[in-house]
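Enquirer: Before I ask anything, here is the structure I am working with.
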Amino acid sequence: MNDPIDRGRRRFLAVSLSASGALLIGIRLADAEDGEVPPELLGDDLTQLGPFVRIERDNRVVIGARGCEIGQGVMTALPMLIAEELDVDWSQVRVIQLPYGYVETDQGASNKYGDQGAGGSTSVRDGWKELREAGATARWLLVQAAAREWNLQADQLRTEAGQVIAPDARKLTYGALARSAAAIDLPANPPPLKKSEQFHIIGRPTRVADARDIVTGRSEYGIDAYTAGALIAVMLRCPYLDGTLDTLDDSDARRVAGVRDVIHIPGPKPDEPFKAQLADGIAVLADNTWAAIQGRNALKVTWKQGPWSKESTSALAAKANELLDNNEDGVAVRRDGDMDKAKKQARYKVQARYEMPFLAHATMETPGALIDLRQDSALLIASLQSPDGASEMISSLTGIPRRAIEIRMTRAGGGFGRRLENDFVGEAVLIAKAAGKPVKLIWTREDDLQHDFYRPFGVHALAATLDRKKKVTSWSHACAATPRPYRENGRKRRFFDGCLEPDDFPAGLVANLDKTFFSVPSGMPRGWWRAPIHTFHAFSVQSFVDEIAVATKQDAVKLRLDMLGESRLIPYSGHGGPNFDTGRLANVLKICAERVGWGVKRDDGHGIGIACHFTFGGYSAHAFEVSMEGRDLKIHRAVVVVDIGRVVNPLGVEAQMMGGTIDAISTALHLAITVKDGEVQQKNFTDYPLLKMAEAPQAVDVHIVDSTAEPSGAGEIGVPSAAPALANAIYAATTVRVRKLPLMPELMRKL
Amino acid sequence: MQNPTERHPPIAGTPKRSATPVAPLAITINGKPYEHDGDPTMPLLWFLRDMLRLTGTKFGCGIGACGACTVLLDGKATRSCLLPMQNAAGHQVTTIEGLAAEGLHPVQQAWIEEDVPQCGYCQAGQIVAAVDLLQRKPKPNDDDIATISNLCRCGTYPRIRKAILRAAESIQAQKK
Numbered sequence: 000m001n002d003p004i005d006r007g008r009r010r011f012l013a014v015s016l017s018a019s020g021a022l023l024i025g026i027r028l029a030d031a032e033d034g035e036v037p038p039e040l041l042g043d044d045l046t047q048l049g050p051f052v053r054i055e056r057d058n059r060v061v062i063g064a065r066g067c068e069i070g071q072g073v074m075t076a077l078p079m080l081i082a083e084e085l086d087v088d089w090s091q092v093r094v095i096q097l098p099y100g101y102v103e104t105d106q107g108a109s110n111k112y113g114d115q116g117a118g119g120s121t122s123v124r125d126g127w128k129e130l131r132e133a134g135a136t137a138r139w140l141l142v143q144a145a146a147r148e149w150n151l152q153a154d155q156l157r158t159e160a161g162q163v164i165a166p167d168a169r170k171l172t173y174g175a176l177a178r179s180a181a182a183i184d185l186p187a188n189p190p191p192l193k194k195s196e197q198f199h200i201i202g203r204p205t206r207v208a209d210a211r212d213i214v215t216g217r218s219e220y221g222i223d224a225y226t227a228g229a230l231i232a233v234m235l236r237c238p239y240l241d242g243t244l245d246t247l248d249d250s251d252a253r254r255v256a257g258v259r260d261v262i263h264i265p266g267p268k269p270d271e272p273f274k275a276q277l278a279d280g281i282a283v284l285a286d287n288t289w290a291a292i293q294g295r296n297a298l299k300v301t302w303k304q305g306p307w308s309k310e311s312t313s314a315l316a317a318k319a320n321e322l323l324d325n326n327e328d329g330v331a332v333r334r335d336g337d338m339d340k341a342k343k344q345a346r347y348k349v350q351a352r353y354e355m356p357f358l359a360h361a362t363m364e365t366p367g368a369l370i371d372l373r374q375d376s377a378l379l380i381a382s383l384q385s386p387d388g389a390s391e392m393i394s395s396l397t398g399i400p401r402r403a404i405e406i407r408m409t410r411a412g413g414g415f416g417r418r419l420e421n422d423f424v425g426e427a428v429l430i431a432k433a434a435g436k437p438v439k440l441i442w443t444r445e446d447d448l449q450h451d452f453y454r455p456f457g458v459h460a461l462a463a464t465l466d467r468k469k470k471v472t473s474w475s476h477a478c479a480a481t482p483r484p485y486r487e488n489g490r491k492r493r494f495f496d497g498c499l500e501p502d503d504f505p506a507g508l509v510a511n512l513d514k515t516f517f518s519v520p521s522g523m524p525r526g527w528w529r530a531p532i533h534t535f536h537a538f539s540v541q542s543f544v545d546e547i548a549v550a551t552k553q554d555a556v557k558l559r560l561d562m563l564g565e566s567r568l569i570p571y572s573g574h575g576g577p578n579f580d581t582g583r584l585a586n587v588l589k590i591c592a593e594r595v596g597w598g599v600k601r602d603d604g605h606g607i608g609i610a611c612h613f614t615f616g617g618y619s620a621h622a623f624e625v626s627m628e629g630r631d632l633k634i635h636r637a638v639v640v641v642d643i644g645r646v647v648n649p650l651g652v653e654a655q656m657m658g659g660t661i662d663a664i665s666t667a668l669h670l671a672i673t674v675k676d677g678e679v680q681q682k683n684f685t686d687y688p689l690l691k692m693a694e695a696p697q698a699v700d701v702h703i704v705d706s707t708a709e710p711s712g713a714g715e716i717g718v719p720s721a722a723p724a725l726a727n728a729i730y731a732a733t734t735v736r737v738r739k740l741p742l743m744p745e746l747m748r749k750l
Numbered sequence: 000m001q002n003p004t005e006r007h008p009p010i011a012g013t014p015k016r017s018a019t020p021v022a023p024l025a026i027t028i029n030g031k032p033y034e035h036d037g038d039p040t041m042p043l044l045w046f047l048r049d050m051l052r053l054t055g056t057k058f059g060c061g062i063g064a065c066g067a068c069t070v071l072l073d074g075k076a077t078r079s080c081l082l083p084m085q086n087a088a089g090h091q092v093t094t095i096e097g098l099a100a101e102g103l104h105p106v107q108q109a110w111i112e113e114d115v116p117q118c119g120y121c122q123a124g125q126i127v128a129a130v131d132l133l134q135r136k137p138k139p140n141d142d143d144i145a146t147i148s149n150l151c152r153c154g155t156y157p158r159i160r161k162a163i164l165r166a167a168e169s170i171q172a173q174k175k
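Now the structure itself:
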């Protein structure tokens with residue numbers, strides 16, 4: 000059993016033998032006392048057909064889910080793609096989470112499962128062809144095995160519900176064929192895929208594959224992993240941006256029962272590229288989490304303020320507005336037509352500025368990692384979005400080759416872009432190296448809100464001109480923001496990437512158009528926050544379209560449709576391109592308007608607002624019906640219409656649209672991270688108040704456009720058009736235009 | 000951070016214990032007796048997770064704001080991150096793992112049927128809070144349901160509402 004392949008199989012089996020399946024991968028195998036699965040249990044009763052599929056003799060099918068499950072549903076949708084082409088009943092299928100599949104062979108480095116990361120709404124799009132091919136290949140092997148068994152030609156056979164069926168109606172289950180199928184060589188080319196009319200799993204509403212484990216508390220998240228001998232680490236980080244340790248007295252901390260060690264982990268230098276950790280900090284290592292927290296509380300530390308000690312949100316806003324007022328030295332993001340001429344000929348001019356706050360990700364499961372560094376190998380168990388990044392980081396910090404780094408991916412308690420960065424992995428590695436012991440790093444909520452890669456802060460200045468027929472003749476969008484790229488020296492990203500998209504609406508639709516970016520210097524770490532660029536600028540663009548409609552007395556839906564014009568493809572260089580289909584955006588907008596009852600005169604004080612947006616290959620429109628009840632905002636209706644091409648799991652897409660809409664409401668109404676004297680001011684959910692059920696709409700009316708276009712992702716598109724639709728609805732109900740997020744404090748100030 | 004014992008009101012009937020207990024603290028969890036001889040101020044949450052490896056009860060905020068750590072204490076929904084072991088001792092605790100003696104509790108079943116979980120991290124706490132609600136309000140209206148203050152970052156609230164109504168019906172049907 001020393002052959003590496005057999006070892007891999009044994010590990011796989013160990014999972015299958017654990018009653019609750021994949022979710023025990025992390026704990027059980029890491030637990031020394033748990034022991035390994037006896038070899039005699041291996042062998043005959045399992046057969047693996049390629050990296051994703053295993054068929055057991057009783058005809059149960061185990062399908063590996065390769066993606067990082069952060070709540071976006073890939074643990075269900077990706078195995079559905081495989082099961083469809085394998086031609087089994089979904090009820091036969093058990094899904095398990097696959098570990099990280101990095102391998103090095105003669106051909107170089109690769110991942111035996113393909114792309115496992117979660118970002119940019121690409122999981123289904125990337126898996127659409129290759130995972131169906133994986134299923135089709137396993138099916139092909141089973142059919143070949145049956146053909147040999149019966150001495151028939153493979154093309155005479157058909158399959159159904161996990162059985163191969165001969166022309167004379169003889170049947171063999173996949174389970175009976177699996178052993179011989181596994182001995183057959185793989186086909187030279189992937190077998191042909193089903194036609195969409197033959198789909199019986201793709202497109203069918205399917206519940207979360209591992210829901211039973213979740214509702215019984217057996218599901219394993221990164222924070223649930225324990226390994227023998229690991230100490231729990233909690234860190235006290237410098238609260239000042241790029242500040243450093245001044246004095247440390249850890250004598251009281253070391254006296255706390257259960258505390259084993261206190262270690263200073265120096266932070267990065269101000270201009271250094273990001274490589275491991277965000278902040279200077281003191282790690283307290285203890286036998287259990289509470290002892291580590293108590294030890295941290297007992298530290299006596301003073302910090303030196305860093306180079307950003309004067310940074311504050313109000314100063315950032317002033318700087319952004321100053322840059323926009325001066326309008327000098329901006330980066331030309333896009334220039335179309337002749338703005339001066341358009342302005343001279345204008346009949347109407349409209350302009351407005353919108354302010355966007357920093358945002359934290361606030362994943363329900365805080366960041367953390369369990370790391371075990373051995374002589375020349377390492378084990379990481381963590382909730383991740385970028386296992387590639389985690390593997391690279393561990394290797395760069397330890398010198399351990401990537402092929403010797405094992406990563407067990409767990410279900411993650413939310414991602415929203417937070418886990419695209421692996422600073423928490425880097426910290427855990429640095430602590431484990433210094434401690435010489437396995438370490439499980441736990442972040443508290445305070446750590447999480449104060450040390451995030453925040454969505455950028457910025458001010459958008461929009462201006463438009465219209466001719467006497469009220470047609471938009473020019474559009475100018477200047478954005479002054481803390482650039483999204485953070486400590487990225489050496490990487491070739493443009494400073495406006497993540498803040499202003501050159502080809503977004505209404506680029507290509509208005510002949511004279513300017514987009515300009517101004518960098519606002521800041522020490523705040525910046526990162527990707529769910530539909531990053533789109534949540535950052537769609538609020539301003541879609542609020543501004545509404546303002547134009549109001550200022551020029553036009554219908555806000557008709558204005559949008561007029562701007563979109565006839566149905567056509569417009570080149571789109573950003574993520575989700577290469578084209579943007581005006582017809583598909585117009586379609587979701589029209590359906591949304593119809594569903595919300597747009598244009599119906601109201602006398603009940605309720606206001607309706609609408610907005611639409613193109614995000615990562617998908618098209619969305621949101622509408623809300625709201626009213627003010629005293630100083631409370633009441634959301635009576637929430638409607639979202641999306642076109643994301645072919646839908647793999649309608650129930651999952653509905654969940655993403657409902658959840659994305661509520662995430663957007665939560666964020667738009669209340670959430671902001673602010674900075675003062677170089678320190679983040681928010682500490683916990685008391686001052687970063689996520690929406691509670693009482694404030695959320697009772698229901699979200701989700702409509703998914705029936706489409707046969709190539710699938711795009713669902714994880715992010717439910718967010719961007721919601722906030723502007725809500726602000727537009729608030730205007731309709733109150734005639735107060737809110738141009739600064741979050742909405743509620745600003746609305747209260749203006750009412 | 001404050002000492003949690005100062006923030007959490009002592010539970011009626013619990014004798015106040017000294018900082019160094021003479022005897023281990025006794026507690027019943029999911030029907031089984033356990034003892035704790037460590038720090039009496041350790042919140043029940045970390046005893047469940049770090050000592051018993053009952054990891055279904057989640058850490059979310061540490062200040063009782065999010066409800067991810069909700070358990071039943073003598074049948075009542077309680078934030079375990081704020082409950083020191085010295086105050087939990089002598090009580091009956093039910094965690095998500097112990098909600099149903101066998102199979103699934105009707106609330107868990109309804110959660111699956113309504114396909115509630117997204118990331119799933121808060122759902123154990125949501126389910127425990129819903130079990131408590133349905134014990135007090137077997138036929139909850141919308142406002143009753145909205146008294147649940149547990150946070151869900153994924154925005155599953157509309158499906159939580161439907162699942163609670165479904166569970167209420169199923170519990171009523173079982174009683175008949």
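If you're matching them up, the sequences are chains P and R in order.
Going by numbering that gives the first Met the number 0, the residue at position 556 of the first sequence is 555; the numbering climbs one at a time, nothing skipped.
Going by numbering that gives the first Met the number 0, the residue at position 53 of the second sequence is 52; the numbering climbs one at a time, nothing skipped.
Just so you know, even glycine gets a beta-carbon here, dropped at the ideal spot from N, CA and C.
1) Classify residue 75 of chain R: buried if its beta carbon has 16 or more other beta carbons within 10 angstroms, exposed otherwise.
2) Using a 10 Å radius around the Cβ and a threshold of 16 neighbouring Cβ atoms, would you call residue 159 of chain R buried or exposed?
3) Could you tell me which of P:110, P:94, P:136 sits nearest to residue 100 of chain P, measuring between CA atoms?
4) Taking buried to mean at least 16 other C-beta atoms within 10 Å of its own C-beta, is residue 48 of chain P buried or exposed?
5) What do you get for residue 191 of chain P, buried or exposed, if any count of 16 or more other CB atoms within 10 angstroms of its CB means buried?
6) Of all Cβ atoms in chain R, is any one closer than 8 Å to the Cβ of residue 657 of chain P?
7) Apart from the five residues just before and just after residue 517 of chain P, which ones in its own chain have a Cβ nearer than 8 Å to its Cβ?
8) Counting only runs of 3+ residues fully inside the region 538 to 588 of chain P, write out the beta strand (DSSP E) ranges in chain order.
9) Distance check for residue 607 of chain P and residue 751 of chain P, CA to CA, integer angstroms please.
10) Please classify residue 384 of chain P as buried or exposed, where buried requires at least 16 neighbouring CB atoms within 10 angstroms.
11) Mind the definition here: the region 21 to 29 of chain R touches the region 75 to 94 of chain R only if three or more C-beta pairs lie below 8 Å; say whether that holds.
12) Any idea if residue 215 of chain P is buried or exposed, counting beta-carbon neighbours within 10 angstroms, 16 or more meaning buried?
13) Assuming residue 732 of chain P and residue 533 of chain P make a contact with CB atoms under 8 Å, what is their CB distance in whole Å?
14) Could you spell out the range, first to last residue, of the beta strand (DSSP E) harbouring residue 702 of chain P?
15) Between residue 512 of chain P and residue 661 of chain P, what straight-line distance do the alpha-carbon atoms span, to the nearest angstrom?
16) Thinking C-beta only, is residue 507 of chain P closer than 8 Å to residue 547 of chain P?
17) By the 9 Å beta-carbon criterion, what residues does the region 189 to 221 of chain P contribute toward chain R?
18) Name the residue from P:117, P:128, P:174, P:118 whose alpha carbon lies nearest to the alpha carbon of residue 141 of chain P.
19) Strictly below 8 Å CB to CB, what residues from chain R border residue 227 of chain P?
20) Whole angstroms is fine: what's the gap from residue 157 of chain P's alpha carbon to residue 649 of chain P's?
21) Pick from P:187, P:98, P:444, P:164: whose alpha carbon is nearest that of residue 136 of chain P?
22) Can you have a look at residue 363 of chain P and say buried or exposed, based on whether 16 or more other CB atoms are within 10 angstroms of its CB?
23) Any beta carbon from chain R within less than 8 Å of residue 381 of chain P's own beta carbon?
24) If the criterion is Cβ atoms closer than 8 Å, does the pair residue 382 of chain P and residue 418 of chain P meet it?
25) Nearer than 7 Å: is that true of the beta carbon of residue 193 of chain P relative to any heavy atom of the ligand FMN?
26) Going by CA-CA distance only, name the one from R:167, R:81, R:126 that's closest to residue 40 of chain R.
27) Going by C-alpha to C-alpha distance, which of P:97, P:587, P:54, P:626 sits closest to residue 639 of chain P?
28) When you compare each of P:283, P:227, P:97, P:114 to residue 49 of chain R by their alpha carbons, which one comes out closest?
29) Under 7 Å, CB to CB, which of the residues in the region 107 to 137 of chain R have a partner in chain P?
30) When you compare each of P:686, P:745, P:312, P:265 to residue 674 of chain P by their alpha carbons, which one comes out closest?
31) Taking all protein chains shown into account, decide if residue 22 of chain R is buried (16 or more other Cβ within 10 angstroms of its Cβ) or exposed.
32) Run through the DSSP bridge pairs and tell me what residue 638 of chain P is partnered with.
33) Alpha carbon to alpha carbon, how far is residue 177 of chain P from residue 56 of chain P?
34) Would you please state the rounded distance, in angstroms, between the beta carbons of residue 229 of chain P and residue 369 of chain P? I believe it to be under 8 Å.
Expert: To lay it out plainly:
1) For the purposes of this step, residue 75 of chain R is identified with residue 76 of the second sequence, where counting begins at 1. So residue 75 of chain R ends up on the exposed side.
2) As a first step, residue 159 of chain R must be located in the second sequence, where it is residue number 160. By the beta-carbon neighbour count (other beta carbons within 10 angstroms, threshold 16), residue 159 of chain R is buried.
3) The residue labelled residue 100 of chain P in the question sits at position 101 within the first sequence. Comparing Cα-Cα distances from residue 100 of chain P to each of P:110, P:94, P:136, the minimum goes to P:110.
4) Here residue 48 of chain P corresponds to residue number 49 of the first sequence, with the count starting at 1. With 16 or more Cβ atoms within 10 Å of its Cβ, residue 48 of chain P is classed as buried.
5) In the first sequence, counting from the first residue as 1, residue 191 of chain P sits at position 192. With fewer than 16 Cβ atoms within 10 Å of its Cβ, residue 191 of chain P is classed as exposed.
6) Your numbering for residue 657 of chain P matches position 658 in the first sequence. Yes, its Cβ sits closer than 8 Å to a Cβ of chain R.
7) In the first sequence, counting from the first residue as 1, residue 517 of chain P sits at position 518. Contacts found: 319, 322, 323, 328, 329, 330, 477, 478, 479, 480.
8) Taking 3 residues as the minimum length, the beta strand (DSSP E) runs contained wholly in the region 538 to 588 of chain P are 568 to 570, 578 to 580, in order along the chain.
9) Shown here, chain P extends from 0 to 750; a query on residue 751 of chain P therefore has no answer.
10) By 1-based counting over the first sequence, the position of residue 384 of chain P is 385. Its Cβ being crowded by 16 or more others within 10 Å, residue 384 of chain P is buried.
11) The region 21 to 29 of chain R makes contact with the region 75 to 94 of chain R: 3 or more CB pairs, one atom from each, lie closer than 8 Å.
12) Here residue 215 of chain P refers to the residue found at position 216 of the first sequence. By the neighbour-count criterion, in which 16 or more other beta carbons inside 10 Å mark a residue as buried, residue 215 of chain P falls on the buried side.
13) As a first step, residue 732 of chain P must be located in the first sequence, where it is residue number 733. As a first step, residue 533 of chain P must be located in the first sequence, where it is residue number 534. About 25 Å separates the two Cβ atoms, so there is no contact after all.
14) Within the first sequence, residue 702 of chain P is the residue found at index 703, counting from 1. That run of the beta strand (DSSP E) goes 700 to 703.
15) Along the first sequence, one-based indexing puts residue 512 of chain P at 513. Along the first sequence, one-based indexing puts residue 661 of chain P at 662. Taking the straight line from one Cα to the other gives about 33 Å.
16) Within the first sequence, the letter at position 548 stands for residue 547 of chain P. Within the first sequence, the letter at position 508 stands for residue 507 of chain P. Not a contact, by the Cβ cut-off of 8 Å.
17) Look at the region 189 to 221 of chain P: the residues with a C-beta under 9 Å from a C-beta of chain R are 204, 205, 206, 207, 209, 210, 211, 212, 213, 214, 215, 216, 217, 218, 219, 220.
18) The sequence position of residue 141 of chain P within the first sequence is 142, counting from 1. Residue P:174 is the option with its Cα nearest to residue 141 of chain P.
19) To locate residue 227 of chain P, count along the first sequence from 1; it is residue 228. Under the 8 Å cutoff, chain R gives no residues; its nearest Cβ is about 12 Å from residue 227 of chain P.
20) On the first sequence, residue 157 of chain P is found 158 positions in, with the first residue counted as 1. On the first sequence, residue 649 of chain P is found 650 positions in, with the first residue counted as 1. Rounded to the nearest angstrom, the gap between the Cα atoms of residue 157 of chain P and residue 649 of chain P is 28 Å.
21) Taking the first sequence and counting its residues from 1, one reaches residue 136 of chain P at position 137. Residue P:187 is the option with its Cα nearest to residue 136 of chain P.
22) Looking up residue 363 of chain P in the first sequence gives position 364. If you draw a 10 Å sphere on the C-beta of residue 363 of chain P, you find 16 or more other C-beta atoms in it, and that means buried.
23) The count along the first sequence starts at 1 and reaches residue 381 of chain P at position 382. No - not a single Cβ of chain R is within 8 Å of the one on residue 381 of chain P.
24) Position 383 of the first sequence, counting from 1, holds the residue named residue 382 of chain P. Position 419 of the first sequence, counting from 1, holds the residue named residue 418 of chain P. The beta carbons of residue 382 of chain P and residue 418 of chain P sit closer together than 8 Å.
25) The ligand content of the structure shown is nil, which means the ligand FMN is not present either.
26) Here residue 40 of chain R refers to the residue found at position 41 of the second sequence. Nearest of R:167, R:81, R:126 to residue 40 of chain R, Cα basis: R:81.
27) Along the first sequence, read from residue 1 onward, the residue named residue 639 of chain P stands at position 640. Answer by Cα proximity: P:587.
28) Residue 49 of chain R sits at position 50 when you count from the first residue of the second sequence. With respect to the C-alpha of residue 49 of chain R, the residue from P:283, P:227, P:97, P:114 having the closest C-alpha is P:227.
29) Per Cβ criterion, the list reads 107, 110, 111, 114, 116, 117, 118, 119, 120, 121, 122, 123, 126.
30) Here residue 674 of chain P corresponds to residue number 675 of the first sequence, with the count starting at 1. Measuring from the Cα of residue 674 of chain P, the nearest candidate turns out to be P:312.
31) Taking the first residue of the second sequence as position 1, residue 22 of chain R is located at position 23. Burial call: exposed.
32) One-based indexing of the first sequence puts residue 638 of chain P at position 639. Residue pairing by DSSP places residue 638 of chain P opposite P:622, P:700 in a beta bridge.
33) Position 178 of the first sequence, counting from 1, holds the residue named residue 177 of chain P. Position 57 of the first sequence, counting from 1, holds the residue named residue 56 of chain P. The straight-line gap from Cα to Cα measures roughly 7 Å.
34) Position 230 of the first sequence, counting from 1, holds the residue named residue 229 of chain P. Position 370 of the first sequence, counting from 1, holds the residue named residue 369 of chain P. Confirmed, Cβ separation roughly 6 Å.
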